[in-house]
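Counting in this note's numbering, the sequence shown runs from 2 upward without gaps.
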Amino acid sequence: MGRDQTFEALLAEHGAMLRRIASAYEADRERRRELEQDILLAVWRALPRHRAEAPLRHFIARVAHNRAITHVAREAAEPRRQPLDEAAPSDAPTPHETAETRDLHDQLGRAVRALPLSLRQPALLTLEGFTPAEIADMLGLNANAVSIRLTRAKAALREALDPALPEKVRP
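What follows is the structure, encoded as structure tokens:
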């Protein structure tokens with residue numbers, strides 16, 4: 002009996018076991034078929050190394066399990082794949098939102114640059130996250146003077162960023 006006939010006989014006798022091993026390691030139908038093919042190829046290649054010390058069934062099962070473990074390790078290392086659902090919400094801003102944000106930042110930058118220096122410094126430092134007390138220390142002013150300048154800077158920025166709103170409607 003030739004090697005092909007021997008392999009066909011082996012598949013007839015142990016094919017169901019090999020499919021069960023593959024299904025125990027892979028739930029996805031397409032990937033399971035690929036794993037089954039990988040197992041069959043591994044068994045085909047390993048058969049010449051089989052020694053009669055262990056039953057053929059044990060040898061084939063060990064080869065199948067080893068191939069399945071390699072498959073699982075390779076799948077775990079790859080990024081998860083799933084179909085893209087166009088309707089799925091995304092946390093990422095849309096291109097339109099990104100453009101609007103960039104435009105607002107540009108407008109704010111121009112408005113801050115247009116402030117007089119005495120208002121620009123505390124406004125910039127506030128935008129960088131500094132507190133009025135910290136700004137007072139940096140600029141050599143008292144905290145009250147910084148608060149007054151910040152109030153004036155905010156009013157000027159509101160006016161520059163949204164001049165269409167009447168004064169009474171502005172927050």
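For glycine and all other residues, C-beta sits at the position ideal for the given N, C-alpha and C.
Computed from a predicted structure; not experimentally measured.
Quick one: Cα of residue i to Cα of residue j, how far?
i	j	result
Arg-68	His-59	14 angstroms
Ala-77	Glu-87	26 angstroms
Ser-91	Arg-30	29 angstroms
Ala-134	His-97	38 angstroms
Arg-6	Arg-34	Inspection of the sequence shows that residue 6 is occupied by Gln rather than by Arg. One C-alpha to the other measures close to 22 angstroms.
Phe-8	Trp-45	7 angstroms
Gln-83	Val-64	30 angstroms
Report buried or exposed for residue i, applying the criterion of at least 16 other Cβ atoms within 10 angstroms of its Cβ.
i	result
Ala-23	buried
Glu-79	exposed
Ile-40	buried
His-27	The question names His, yet the displayed sequence has Glu at residue 27. Glu-27 is buried by the Cβ-count criterion.
Ala-100	exposed
Pro-123	buried
His-106	exposed
Ile-61	buried
Leu-126	buried
Arg-111	exposed
Could you have a look at residue i and say whether DSSP puts it in helix, strand or coil?
i	result
Asn-67	helix
Asp-104	helix
Gln-38	helix
His-51	coil
Ala-17	helix
Pro-96	helix
Ser-24	helix
Gln-83	coil
Between residue i and residue j, which are expected to be in contact by the criterion C-beta below 8 angstroms, what is the C-beta distance as a whole number of angstroms?
i	j	result
Ala-115	Ala-161	6 angstroms
Ala-144	Ala-137	5 angstroms
(request) Please list the segments of the alpha helix (DSSP H) lying wholly inside the region 115-171, counting only runs of 4 or more residues, in order along the chain. (result) 118-128, 133-140, 144-162
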